[in-house]
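Before any comments, here is the structure.
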Amino acid sequence: MKVSERATVPHERKTTETTTAKPDQKSPAMPRAAQYVRMSTDPQEYSIDLQVAVIAVYAARRGIEIVRTYSDPGRSGLTIARRIGLQQLIDDVESGKPDFDCVLVSDVSRWGRFQDADESAYYEFICKRAGISVHYCSEEFENDGSLSSVILKNLKRAGAAGFSKDLSRNVFLGQSNIVKRGYWRGGAAPYGLRRMLVDANGKRKGLLQRGQHKNLKSERIILVQGPSSEVRIVRRIFSSFVMQKKNRTQIANELNAEGTLSPGGKQWTALTLSNLLANEIYLGHIIFNRHSMKLAGRRTDNPPEMWIRHDNAFKGIINPRLFARARQRLAQVANNKKETDQQLLDALAALLRRKGRLSVHIIQAAKGVRHPTVYTNRFGSLMRAYELVGFRPQARYRFLEVAVEIDRTICSVVDDIIIDLRGHGVNASFLHELYLLTISGGLTVSVAVARAVSDGGTKSRRWEIRRLKYQKAELTLLIRMDSGNSRISDYFLLPTVALPLTKDRKKLRVSDRLFARMRLDSLEAVMGALYGRLRVSREERRMTRVLPLPDQRRSLAKLGQPMPTRSKRRVVKCDHRPAPIEKRR
Numbered sequence: 078m079k080v081s082e083r084a085t086v087p088h089e090r091k092t093t094e095t096t097t098a099k100p101d102q103k104s105p106a107m108p109r110a111a112q113y114v115r116m117s118t119d120p121q122e123y124s125i126d127l128q129v130a131v132i133a134v135y136a137a138r139r140g141i142e143i144v145r146t147y148s149d150p151g152r153s154g155l156t157i158a159r160r161i162g163l164q165q166l167i168d169d170v171e172s173g174k175p176d177f178d179c180v181l182v183s184d185v186s187r188w189g190r191f192q193d194a195d196e197s198a199y200y201e202f203i204c205k206r207a208g209i210s211v212h213y214c215s216e217e218f219e220n221d222g223s224l225s226s227v228i229l230k231n232l233k234r235a236g237a238a239g240f241s242k243d244l245s246r247n248v249f250l251g252q253s254n255i256v257k258r259g260y261w262r263g264g265a266a267p268y269g270l271r272r273m274l275v276d277a278n279g280k281r282k283g284l285l286q287r288g289q290h291k292n293l294k295s296e297r298i299i300l301v302q303g304p305s306s307e308v309r310i311v312r313r314i315f316s317s318f319v320m321q322k323k324n325r326t327q328i329a330n331e332l333n334a335e336g337t338l339s340p341g342g343k344q345w346t347a348l349t350l351s352n353l354l355a356n357e358i359y360l361g362h363i364i365f366n367r368h369s370m371k372l373a374g375r376r377t378d379n380p381p382e383m384w385i386r387h388d389n390a391f392k393g394i395i396n397p398r399l400f401a402r403a404r405q406r407l408a409q410v411a412n413n414k415k416e417t418d419q420q421l422l423d424a425l426a427a428l429l430r431r432k433g434r435l436s437v438h439i440i441q442a443a444k445g446v447r448h449p450t451v452y453t454n455r456f457g458s459l460m461r462a463y464e465l466v467g468f469r470p471q472a473r474y475r476f477l478e479v480a481v482e483i484d485r486t487i488c489s490v491v492d493d494i495i496i497d498l499r500g501h502g503v504n505a506s507f508l509h510e511l512y513l514l515t516i517s518g519g520l521t522v523s524v525a526v527a528r529a530v531s532d533g534g535t536k537s538r539r540w541e542i543r544r545l546k547y548q549k550a551e552l553t554l555l556i557r558m559d560s561g562n563s564r565i566s567d568y569f570l571l572p573t574v575a576l577p578l579t580k581d582r583k584k585l586r587v588s589d590r591l592f593a594r595m596r597l598d599s600l601e602a603v604m605g606a607l608y609g610r611l612r613v614s615r616e617e618r619r620m621t622r623v624l625p626l627p628d629q630r631r632s633l634a635k636l637g638q639p640m641p642t643r644s645k646r647r648v649v650k651c652d653h654r655p656a657p658i659e660k661r662r
């Protein structure tokens, strides 16, 4: 479980003045308060320091002592999912033993810009129910429950939500306008292309290297053809796929054998080639709004009529006729893979009759039978496919089948994460041997699958996690399966040091109660959490990784875990290269 950084700032404590009191009278105790501060990408007037200053003045005037700080730097107020500070505040309030009497917030918008005003009211109600009042220090009303304060507060909540909607709309319109004018919206240039900086009159000022950005608002970025070596590779890929009828795996193997690196400096894969072959950017077309995920909502695929596009924004690399033939062949390949469930099972049953048993190795070696992952994707698990053809493997083989299913689940999720990250211009790599995802050159995430197990009797269902292959990652992404272990149920992103290990340290067993916190209901929510984490400064991430905060250490002590100590940072070089299936076992 993540624990927010909480600190008592010395200059925020109210300095009491010396007063003359009668000997038989005791001075009343000062009210104790926790302050909550948040800043995303709002203007400077909402900076953390200014919020702290506003709250300090309010507390001094009312004789309130600030004893605790909950902070969410670099966090959007649209949702509570990635706001660790507010989550910890609510947890402490609900624990029944908070060490403060009230919560001080700069204004209503800092509490949140929830799109449903009732959600903002709900979190305030949790505090109120526990006898802890919430004060909005810079608002013109007193949050005393009066009719006027209730009306003004709800108006403020609606205004805070409306601000986010207006901002989202304005950003979308601005980006759409950039694309309509033929400019590059942002992010790394696709393979074979480069970013060119131009001034307000369209005069070219020079190529932008990786990591470089424009300085002036009047400047714009266009795409131009990249190095001739990369342009030749792109044209060769299209020619090999269309003219020579090579499949994507063959093309990838040839490029990797030659030492030719893919976008991001990694090895080529069939997925990388699929994205390249389907990308209209190589025709010179710039397209925007193919997908949308507005206001922390779910990612949706938009129909073509909603796309914002500028055709022939620059000179393309690929001939339109060749590109059309590549798209046609991609569609044919996809259609050829659509065997019916019965056809897949008939092939598996025929193999069972010939061999007398089934295994991953037997299926892989057989001709005319699809790869084991196809059966896993179609039927939920390889074990389910076995059951449908009347085969029950021995326990030792079942262990291998479970390992294959775990590997397939992790690789599928990681592929989706890397595609999303690279689509936003964020570099990422995956070391398959350790199930280790490295993002933006420093953030490390171990990936594991939590499978449902039963302890028998009336005990609640629990989830089992095999020992992490890499236990020194900063974060761990847990992929929790449903009760039948056939589909992904949800996700959990938490510090690796917070995982409760068993005595033999070979497996983890976590109850549903412990899974209740840090839950993310979709992969889109996981991406939002990762993007939020990446906005935190590199120095802050390093300090968090080297030594947990005192509250984290106390939490680990309760779980019986050893206290992490300072250690030198280890750099792990990864490459996103799936291992052969026989090596994965």
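Just so you know, the sequence shown maps onto residues 78 to 662 in the working numbering. Glycine included, every Cβ here is placed at the ideal spot set by N, Cα and C.
- C-alpha of Glu217 to C-alpha of Ser183: approximately 12 Å in a straight line.
- Per the coordinates, the alpha-carbon of Ser599 lies some 13 Å from the alpha-carbon of Leu607.
- Assigned with DSSP and collapsed to three states, Gly500 falls in helix.
- Around Leu552, the same chain offers Leu520, Thr521, Val522, Ser523, Leu570, Leu571, Pro572, Thr573, Arg610 as residues with beta carbons nearer than 8 Å, after the five sequence neighbours per side are excluded.
- Counting C-beta pairs closer than 8 Å gives three or more between the segment 267–281 and the segment 350–363, which meets the contact rule.
- For Phe218, the three-state secondary structure derived from DSSP is coil.
- Within its own chain, the residues whose Cβ lies closer than 6 Å to the Cβ of Thr450, once the five positions on either side in sequence are excluded, are Arg485, listed in chain order.
- The three-state secondary structure of Val524, taken from DSSP, is strand.
- In the three-state reduction of the DSSP assignment, Phe507 falls in the strand class, which pools E and B.
- Counting only residues of its own chain and dropping the five nearest sequence neighbours on each side, Lys230 has no CB closer than 6 Å to any other CB.
- Each of Asp497, Pro108, Leu250 was checked against the Cα of Leu181, and the nearest Cα belongs to Pro108.
- The residue among Glu331, Ala277, Phe318, Arg271 with its C-alpha nearest the C-alpha of Pro304 is Arg271.
- In this chain, Arg367 is not harboured by any beta strand (DSSP E), its DSSP state being neither H nor E.
- For Thr146, the three-state secondary structure derived from DSSP is strand.
- The C-beta of Tyr199 has fewer than 16 other C-beta atoms within 10 Å across all chains shown, which makes the residue exposed.
- In the structure shown, Leu545 falls within a coil segment according to DSSP collapsed to helix, strand and coil.
- Between Arg404 and Leu354, the alpha-carbon positions lie close to 7 Å from each other.
- Check the Cα spacing between Asp169 and each of Pro340, Val134, Ala207, Ala194: the tightest is with Ala207.
- Ile298 and Phe468 have their C-alpha atoms spaced approximately 60 Å apart.
- Take Glu307, set aside five residues on each side of it, and the residues of its chain with a beta-carbon closer than 7 Å to its own are Tyr268, Gly269, in chain order.
- The DSSP-derived three-state label of Phe249 is helix.
- Residue burial annotation: Arg434 is exposed, with fewer than 16 other C-beta atoms found within 10 angstroms of its C-beta.
- As the crow flies, the alpha-carbon of Ile314 is around 41 Å from that of Ile542.
- Under DSSP, Arg281 shares a beta bridge with Val275.
- Annotation: the continuous beta strand (DSSP E) that includes Pro572 extends over 565–572.
- Val211 has Val180 as its beta-bridge partners, per DSSP.
- Ser317 is positioned such that its CB atom lies closer than 8 Å to that of Ile328.
- In the three-state reduction of the DSSP assignment, Leu425 falls in the helix class.
- Thr337 sits in coil when the DSSP states are folded into three classes, being neither helix nor strand.
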